[in-house]
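Residue numbers (my numbering), protein chains in the order written: chain A, 5 to 111; chain E, 2 to 492.
Glycine included, C-beta positions come from ideal geometry on N, C-alpha and C.
As the structure is a computational prediction, the values presented were derived from the model and not from experiment.
Structure, as structure tokens:
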Amino acid sequence: MTLALLSMDGTGVPFIVIGLWILFLAIFTGFELITKVPPTLHTPLMSGANAISGITIVGAVACVGVGFPVLGKIFGFIAIVMATVNVVGGFVVTDRMLGMFGKRGSK
Amino acid sequence: MSFFAPALAQATTIAETSELLYMGSALLFILGIKRLSKVKTARSGNWLASLGMLVALATTLTIVWGEVGIAILLAGLVVGTAVGLYLAVRVPLTAMPELVAFFNGMGGAASMFVALSQISYFGSELEDGTATMAEGIPTDALMGGSHFAIAIVVSILIGGITLSGSLVAYGKLTGKVKGSRLGPIGGQVVNAFLALFALFLCWYGGFVAETPGMILAVQLTLTLVALVLGLGLVLPIGGADMPVVISLLNSYSGLAACATGFVLQNNLLIVAGSLVGAAGLILTNIMCKAMNRSLVNVIFAKFGEEAEKGDDGYTGVKQTSAEEVAMLLESARSLIVVPGYGLAVAQAQHKVRELCNLMQERGCEVRYGIHPVAGRMPGHMNVLLAEADVPYEQLFELDRINGDFKNTDVVIVVGANDVCNPVANTDPQSPIAGMPVLNVWDAQTCVVIKRSLSPGYAGIKNPLFEADNTLMFFGDAKKALEDLVTETKEL
Numbered sequence: 005m006t007l008a009l010l011s012m013d014g015t016g017v018p019f020i021v022i023g024l025w026i027l028f029l030a031i032f033t034g035f036e037l038i039t040k041v042p043p044t045l046h047t048p049l050m051s052g053a054n055a056i057s058g059i060t061i062v063g064a065v066a067c068v069g070v071g072f073p074v075l076g077k078i079f080g081f082i083a084i085v086m087a088t089v090n091v092v093g094g095f096v097v098t099d100r101m102l103g104m105f106g107k108r109g110s111k
Numbered sequence: 002m003s004f005f006a007p008a009l010a011q012a013t014t015i016a017e018t019s020e021l022l023y024m025g026s027a028l029l030f031i032l033g034i035k036r037l038s039k040v041k042t043a044r045s046g047n048w049l050a051s052l053g054m055l056v057a058l059a060t061t062l063t064i065v066w067g068e069v070g071i072a073i074l075l076a077g078l079v080v081g082t083a084v085g086l087y088l089a090v091r092v093p094l095t096a097m098p099e100l101v102a103f104f105n106g107m108g109g110a111a112s113m114f115v116a117l118s119q120i121s122y123f124g125s126e127l128e129d130g131t132a133t134m135a136e137g138i139p140t141d142a143l144m145g146g147s148h149f150a151i152a153i154v155v156s157i158l159i160g161g162i163t164l165s166g167s168l169v170a171y172g173k174l175t176g177k178v179k180g181s182r183l184g185p186i187g188g189q190v191v192n193a194f195l196a197l198f199a200l201f202l203c204w205y206g207g208f209v210a211e212t213p214g215m216i217l218a219v220q221l222t223l224t225l226v227a228l229v230l231g232l233g234l235v236l237p238i239g240g241a242d243m244p245v246v247i248s249l250l251n252s253y254s255g256l257a258a259c260a261t262g263f264v265l266q267n268n269l270l271i272v273a274g275s276l277v278g279a280a281g282l283i284l285t286n287i288m289c290k291a292m293n294r295s296l297v298n299v300i301f302a303k304f305g306e307e308a309e310k311g312d313d314g315y316t317g318v319k320q321t322s323a324e325e326v327a328m329l330l331e332s333a334r335s336l337i338v339v340p341g342y343g344l345a346v347a348q349a350q351h352k353v354r355e356l357c358n359l360m361q362e363r364g365c366e367v368r369y370g371i372h373p374v375a376g377r378m379p380g381h382m383n384v385l386l387a388e389a390d391v392p393y394e395q396l397f398e399l400d401r402i403n404g405d406f407k408n409t410d411v412v413i414v415v416g417a418n419d420v421c422n423p424v425a426n427t428d429p430q431s432p433i434a435g436m437p438v439l440n441v442w443d444a445q446t447c448v449v450i451k452r453s454l455s456p457g458y459a460g461i462k463n464p465l466f467e468a469d470n471t472l473m474f475f476g477d478a479k480k481a482l483e484d485l486v487t488e489t490k491e492l
């Protein structure tokens, strides 16, 4: 019973196992990607990474599903607004900061 | 993608296509972060990452279209875009640290609300009698596995801490939040109690509570406790440590998204969330190293929040004027500017640049000494000086410039304090002992532009101000530099 609940699509490999594989590989990738960052880029990198963490928007848009109760939809709506603020604001402000660095190159 | 399964039951190809598109956007995120860590490619990296986000969102919208309330969905996207754009475009660059903190809080909160929404969804399914088991069952069995229960409570816990913690950081950076306590909130004992209570609620809400109403009630209580815990954890941390706190919270918001990925069985959320989590941890580590302190020390040591000790205890301070400094600069062959938070507050970056241009025209060698934790955000000074068009080649990191101060005629310290306090090297009992500092006192003359003799965020006296070769130029950094530029032009 428990095993059946754990399996996701009949392949026999529960999502949690695949998920953990992905998690560990992604964390390792994250560490390897940015071991050395010049201080100039600390702020843009943080701000850009912050915008990426707004990926939760993908989950948020599914939370206003037709079958959701009112409370769930309210939470879903708040989640969509906040995640969108995070994503749009994050990427735009990062670009604005990096634009400052770019000006110099053109001179 | 079992969550979207109803929509996809008859359309496996759509499911496969969307999985491939998600993979594509994960790759774009990885490439984006990679490019963000190099100056030349950074801007394109940001574009790649935002393209990845667009692909992910478009893919998801295709999947859920028809299954969700379109009006409410679009309304959310429009409101979020408007607010995000407005803030990102209108907020001055000097206010970047608090803006990043705010966006970060939004991301964490979104993950928290997604988890809460999921809880209420599964609860209602049971109430309608559509779930297979009519009897009361705990969250883990309800959602099909203990990992769901864990993922849900972790999303709420980390998301809540990220939200309130980021808002406190925002408040501290804007000066709206002062002090380290809010009634009993902020004390270590209270924090420990809250943390234990939160863990208990995680366990109870995930594995014990059985009726939908009970589950929801416990998760909402957990939300509240997480929010208060976030307050309690960040309130006691001093303003000088905000760069560390912001990076750490940034990492948390990634971890919250990652946990949400486990709730929704979505690989992309797991990949993106853990990338951000890892990146945030690395930045946090870089910040801690720059202050020669451990992360534990930053979080738990109440570091100099009681800063208002006044300006007593200074003897032999030499005050100076714009005219005197201008004369000093006239004969200087080399100049190093050391900017600090005061520069950001006064928005004096353009004036600094103007002065330095004048000096360069006269053949003086101009450089900037940048301390890794100067300002309130990692790399804060670099962003400000870039805005003022200061050439990148003139910015020098601590290690590269510290040996050069002794061959320098004039150092101008603009609104910096703790990052050039000799006590760090001389007094092992000092709270900043061992922190690498800029040895500005080695220069022939050191001019300190500062509003008063009040201590910096570390709350300690700075003997630099009473050194024989130090001249104190009191005033707002922008005004002081303006006068200095005028005087220099007249000479």
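- Nearest to Val449 of chain E by C-alpha distance, out of E:Ile247, E:Ala481, E:Leu52, E:Ile238, is E:Ala481.
- The Cβ atoms of Gln350 of chain E and Leu385 of chain E sit closer than 8 Å to each other.
- At a Cβ-Cβ threshold of 8 Å, Asp443 of chain E and Phe466 of chain E do not count as neighbours.
- For Arg363 of chain E, there is no enclosing beta strand (DSSP E), as DSSP gives it neither H nor E.
- Val17 of chain A is outside the set of residues whose beta carbon lies under 8 Å from a beta carbon in chain E.
- Residue environment analysis places Thr95 of chain E among the buried positions, since at least 16 neighbouring C-beta atoms fall within 10 angstroms of its C-beta.
- Taking the beta carbon of Val272 of chain E as reference, the chain A residues within 7 Å of it are Ile26, Ala30, listed in sequence order.
- In this structure Val84 of chain E touches Val89 of chain A by the C-beta definition: roughly 5 Å separates them, less than 8 Å.
- The DSSP-derived three-state label of Ile461 of chain E is coil.
- DSSP, reduced to helix, strand and coil, places Glu17 of chain E within a helical segment of the structure shown.
- Interface with chain A (8 Å Cβ-Cβ cutoff): Gln348 of chain E is excluded.
- In the DSSP assignment, Phe208 of chain E falls outside any beta strand (DSSP E), carrying neither H nor E.
- Asn440 of chain E sits buried, since 16 or more C-beta atoms from the chains shown fall within 10 Å of its C-beta.
- About 5 Å separates the beta carbons of Thr163 of chain E and Ser254 of chain E, which is inside the 8 Å limit, making them a contact pair.
- The continuous alpha helix (DSSP H) containing Leu385 of chain E extends over residues 381-388.
- Only buried fits Val65 of chain A, as 16 or more other CB atoms lie within 10 angstroms of its CB.
- Shown here, Lys451 of chain E sits in a strand according to DSSP, grouped into three states.
- When only Cα atoms are considered, Val326 of chain E and Leu270 of chain E end up about 56 Å apart.
- Interface residue (Cβ-Cβ distance to chain A less than 8 Å): Asn268 of chain E is classified as such.
- For Ile402 of chain E, no CB of chain A lies under 8 Å from its own CB, so it is not counted at the interface with that chain.
- Of the candidates E:Arg44, E:Lys41, E:Ser51, E:Glu17, the residue whose Cα lies closest to the Cα of Ala273 of chain E is E:Ser51.
- Secondary structure within the segment 48-121 of chain E: the alpha helix (DSSP H) runs of 4 or more consecutive residues, fully enclosed, are 71-91 (chain order).
- Thr33 of chain A sits in a helix when the DSSP states are folded into three classes.
- Between Val424 of chain E and Pro464 of chain E the beta-carbon gap is near 6 Å, inside 8 Å, which marks them as a contact.
- If you compare the alpha carbons of E:Thr63, E:Ile461, E:Ser167, E:Ala57 with that of Tyr315 of chain E, the shortest gap goes to E:Ile461.
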